[in-house]
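Below you'll find the structure, written out as structure tokens, and then a few comments.
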Amino acid sequence: MKTLATLLLATATGACVSTIGATERERDRGGDCTTDNEERLDTVVVRTQADVDDLPDCFSVDGDLIVEGSPLVDLKAFEQLGYVGGDLILRDNSRLTSLDGLVDIDVGGDLTVEGNARLTDLTGLEATTSLGALTIRDNAALETLGGLADLATVTGAVVIEGNPRLDSLAGLGALRRAGAVSIVDNDALVGLSALSNLGTADALTVRGNARLSSVSGMSELLSVTALTIHDNPALLSLNGLAITDVTGDVDLSANGLTTLASRLSLTRVGGDLVIDGHGALTAVDGLAPALRVTGAITLSNNAGLRSVYPLYVGTTAAQLVVMSNPSLSRDRAEHLRNHTAQFPTVTVQANGPYGADPETHGN
5 MKTLATLLLA
15 TATGACVSTI
25 GATERERDRG
35 GDCTTDNEER
45 LDTVVVRTQA
55 DVDDLPDCFS
65 VDGDLIVEGS
75 PLVDLKAFEQ
85 LGYVGGDLIL
95 RDNSRLTSLD
105 GLVDIDVGGD
115 LTVEGNARLT
125 DLTGLEATTS
135 LGALTIRDNA
145 ALETLGGLAD
155 LATVTGAVVI
165 EGNPRLDSLA
175 GLGALRRAGA
185 VSIVDNDALV
195 GLSALSNLGT
205 ADALTVRGNA
215 RLSSVSGMSE
225 LLSVTALTIH
235 DNPALLSLNG
245 LAITDVTGDV
255 DLSANGLTTL
265 ASRLSLTRVG
275 GDLVIDGHGA
285 LTAVDGLAPA
295 LRVTGAITLS
305 NNAGLRSVYP
315 LYVGTTAAQL
325 VVMSNPSLSR
335 DRAEHLRNHT
345 AQFPTVTVQA
355 NGPYGADPET
365 HGN
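Written as structure tokens, this is what we have:
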């Protein structure tokens, strides 16, 4: 039996933080818990086995639950946890292999699963349908997000970062709404098709995913505030990217692109459009003739770029910068200065040498 004095002592020593209106109830761990017999705790921090031992038999957490640097291999100590009103943070638990013990848990705030070196899946979070924010970061053994299969709404950011064995986003198939979405530095990730139901997101960042070969499958996502696709060396094209409208900037840099796409859906960019650092990109043929860019279009440091023909036939921007593309003949680059109706300001420098250039003839 635990007394209220025991729980308050745990608070004072940094184990389990304060209780809210907790009354002493004697019961067996593993028994049936209801709202009538559970204890209501404020923020709870678990770092040691002693912290675990001090947990009540039936309880809910009105604030945050933080399990950090603990010796736990699973979460069976939390089988009678009813809900977490604030954030659930599972961080730097080097022995944790399973979330077994989280049964139908409801999280009112953010979910962070970070730095758990042996954790392989997220089974145990199946009851999670909405979150404030979601961060899954630096989990060296994580192979699947399957425990999040019912997650439909994240009002804040979704960050999937630094999980080297995660080869797909399967498990996020129910996600329909999110804030900023960042898919970063997941070495085994090959595609984004699991986000097929994502229809609303603020910004989309896809960066540093070494094996990512496709951005297709997100057919419902048509508009974002910013789009960054950067440093994905296996990504050869943007085929399947359905986004038509970006209210801010678009940064397409240092990918493996050999072509933009058979036809990009993108028709409006409210900020700048940057296409930079693609050694194998030979043409920008995927740009839609109707593309309107409020800021600048910058084509730079694309070593193999030879053709910019779509820029002659309808694309518009307040400024056009074409520089440091050594395979682009100077004829083609300089010819863009003639298109002042489309590009009031044109900067052309450090491209290739002059040469016979049929692409500019008749334009």
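Per this note's numbering, residue 5 is the first one in the sequence shown, and the count goes up by one each step. Every residue, glycine too, gets a C-beta built ideally from N, C-alpha and C. Only a predicted model underlies this, so the values are computations on that prediction, with no experimental measurement involved.
Taking buried to mean at least 16 other C-beta atoms within 10 Å of its own C-beta, is residue i buried or exposed?
i           : result
residue 355 : buried
residue 57  : exposed
residue 342 : exposed
residue 318 : exposed
residue 40  : exposed
residue 34  : Because residue 34 sits at a pLDDT of 46, beneath the cut-off of 50, its placement in the model cannot be relied upon, and the following sentence gives the value as read from the coordinates. By the neighbour-count rule (16 or more Cβ atoms within 10 Å), residue 34 is not buried but exposed.
residue 53  : exposed
residue 352 : buried
residue 73  : exposed
residue 280 : buried
residue 108 : exposed
residue 60  : buried
residue 77  : exposed
residue 302 : buried
residue 333 : buried
residue 64  : buried
residue 345 : exposed
residue 349 : exposed
residue 139 : buried
residue 38  : exposed
residue 304 : buried
residue 294 : exposed
Reducing DSSP to helix, strand and coil, say where residue i ends up.
i           : result
residue 87  : strand
residue 71  : strand
residue 197 : helix
residue 255 : strand
residue 33  : Here the model assigns residue 33 a pLDDT of 33, short of 50, so the residue's position is not dependable, and the following value carries that caveat. Looking at residue 33 - three-state DSSP - the assignment turns out to be coil, as it is neither helix nor strand.
residue 107 : coil
residue 56  : helix
residue 25  : The pLDDT assigned to residue 25 is 30, lower than 50, so where the model puts this residue is not dependable; a value taken from the coordinates is nonetheless given after this. Coil at residue 25, not helix or strand.
residue 10  : At residue 10, the pLDDT of 32 sits below 50, so the modelled position is not reliable; the number obtained from the coordinates is stated separately. Helix at residue 10.
Report, in whole angstroms, the separation of the C-beta atoms of residue i and residue j, which I expect to be a contact under 8 Å.
i           : j           : result
residue 210 : residue 187 : 5 Å
residue 300 : residue 322 : 6 Å
residue 126 : residue 152 : 6 Å
residue 172 : residue 156 : The pair is not a contact, with the Cβ atoms about 19 Å apart (cut-off 8 Å).
residue 195 : residue 218 : 4 Å
residue 285 : residue 309 : 6 Å
residue 119 : residue 90  : With a Cβ gap of about 20 Å, residue 119 and residue 90 do not count as contacting.
residue 245 : residue 268 : 7 Å
residue 259 : residue 291 : Contact doesn't hold; Cβ gap of about 16 Å is too wide.
residue 263 : residue 287 : 7 Å
Can you check whether the C-beta of residue i is within less than 8 Å of a C-beta belonging to chain D?
i           : result
residue 105 : Any reference to chain D falls outside this structure, which holds one protein chain only.
Checklist entry - Can you give, in chain order, each stretch of the alpha helix (DSSP H) that sits fully within the segment 279-364 and has at least 4 residues? => result 334-339
Checklist entry - Which ranges does the beta strand (DSSP E) cover as unbroken runs of at least 3 residues, wholly within the segment 213-249, from first to last along the chain? => result 230-234
Next on the checklist: I'd like the ranges of any alpha helix (DSSP H) spanning at least 4 consecutive residues and lying wholly in the segment 131-206.
Outcome noted: none
Next on the checklist: For the pair the segment 175-182 and the segment 225-238, tell me if three or more CB-CB distances fall below 8 Å.
Outcome noted: no
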